[in-house]
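Asker:
Number of protein chains: 2
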Amino acid sequence: MSRTKLPRPTDAELAILRVLWDRGASTVREVHETLQDGSGYTTVLKTMQIMTEKELVMRDEAQRAHVYSARVPRENTQRQLVTDLVDRVFGGSPARLALQALSTKKTSPEELAELRQLLDTLEKESES
Amino acid sequence: MSRTKLPRPTDAELAILRVLWDRGASTVREVHETLQDGSGYTTVLKTMQIMTEKELVMRDEAQRAHVYSARVPRENTQRQLVTDLVDRVFGGSPARLALQALSTKKTSPEELAELRQLLDTLEKESES
DNA sequence: CGCGAACTACGAAGACCTTCGTTGACACCT
DNA sequence: AGGTGTCAACGAAGGTCTTCGTAGTTCGCG
């Protein structure tokens, strides 16, 4: 049992994970350049080292410039953060979060259609 | 311009806010008792004092046991946290968050109906 | 070889969060 | 008046996160 009940990634960690999810395996330099915030190179490096310890990312040390890749899938992290938020501020109701999310900004017709489809599926399920 | 760009409430703060939103104005003791986590009385007190400084809550000192009430509305905080999450992990697409939220857990038929209604409204809007 | 550029590693500082012990004030009861 | 319980205030400790300076390593090049 070495499963240590992973904590939420921090903001800085999440920003880095997003880069790795989007770009795929990358060096510190690449991440640092992509991430156009004001943070310094060594800051990004340090954070990525910590993320390696936390097993959020993998490191390939074959080259001099180590190559990092995300070890946690994007979907999982999204799910983790969503259920966390649902529990902490929406009383455990994902639907209320969904309502809040949708009424906030505008959504494209394609996404609306996708949502409608999901809704159909869910309603059929609840009927059976 | 005294608007200081409010930061996300921390976990402990959020837990307390939830109690205040649910119960309405409450004393520290009441909050502490409601909140059945393992935290000590003075911990809750301290946090609520800090929240007063941050203007997250209001304090009525008329009685010996001060009475606190939420100063930020629940809706605002929910919106804040949702848009924050949308920006940080769903690339700015609320619909993707909604999809993730809904596919995670089961949702009651009433909520599904509510969602469908909102979807109708949104689709009509995008048509015009 | 010797220099500079690109890297990693390390450590420490500063900010914030959470936790709680202790102190002092106040109130009620006997 | 003295004792007991309730309360706010304070301060300090310990943890985590973020930041970055500095030092050491490696590589390529003149």
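From first to last, the protein sequence lines stand for chains S and F. Position in the first sequence (first residue = 1) + 496 = my numbering. Position in the second sequence (first residue = 1) + 496 = my numbering. Every residue gets a Cβ at the ideal spot worked out from N, C-alpha and C, and that includes glycine. These numbers come from a predicted model, not from an experiment.
Sorted by chain position, which residues of the same chain lie with C-beta nearer than 6 Å to S/LEU598's C-beta, five sequence neighbours on each side aside?
Answerer: Same-chain partners within the cutoff: there are none.
Asker: Mind checking whether F/VAL553 and F/VAL540 have CB atoms under 7 Å apart?
Answerer: no
Asker: Among F/LEU502, F/ILE512, F/LYS501, F/PRO503, which one has its Cα closest to the Cα of S/VAL585?
Answerer: F/ILE512
Asker: Mind checking if F/GLU607 is an interface residue toward chain S, Cβ cutoff 7 Å exclusive?
Answerer: yes
Asker: Give me whichever residues DSSP pairs with S/VAL563 in a beta bridge.
Answerer: S/THR523, S/ASP556
Asker: Which of helix, strand or coil does DSSP assign to S/PRO505?
Answerer: Correct three-state label for S/PRO505: coil.
Asker: Listed from N- to C-terminal order along the chain, which residues in the region 560 to 587 of chain S have their beta-carbon within a distance smaller than 9 Å of any beta-carbon of chain F?
Answerer: Going along the region 560 to 587 of chain S in chain order, one finds ARG570, GLU571, THR573, GLN574, ARG575, LEU577, VAL578, THR579, LEU581, VAL582, ARG584, VAL585, PHE586, GLY587 with a Cβ nearer than 9 Å to chain F.
Asker: Give me the Cα-Cα distance between F/SER604 and F/VAL578, rounded to the nearest whole angstrom.
Answerer: 21 Å
Asker: Using a C-beta to C-beta distance shorter than 7 Å, which residues of chain S count as neighbours of F/LEU611?
Answerer: ALA591, ALA594, LEU595, LEU615
Asker: Among the candidates F/VAL582, F/LYS550, F/ALA594, whose CA atom is the shortest distance from the CA of F/PRO505?
Answerer: F/LYS550
Asker: Applying a beta-carbon distance threshold of less than 8 Å, which residues of chain S neighbour F/LEU541?
Answerer: Neighbours of F/LEU541 in chain S, taken as residues at a C-beta separation under 8 Å, are lacking, since the least C-beta distance is about 22 Å.
Asker: Tell me whether F/PRO590 sits in a helix, a strand or coil according to DSSP, three-state version.
Answerer: helix
Asker: If you drop the 5 nearest sequence neighbours on each side, which residues of the same chain put their C-beta closer than 8 Å to that of F/GLU621?
Answerer: none
Asker: On the DSSP letters alone, give me the boundaries of the alpha helix (DSSP H) that F/SER622 sits inside.
Answerer: 605 to 623
Asker: Within 10 Å of its beta-carbon, does F/GLN559 have 16 or more other beta-carbons around it, so buried, or fewer, so exposed?
Answerer: exposed
Asker: In this structure, how does DSSP classify S/ASP533 when only helix, strand and coil are distinguished?
Answerer: coil
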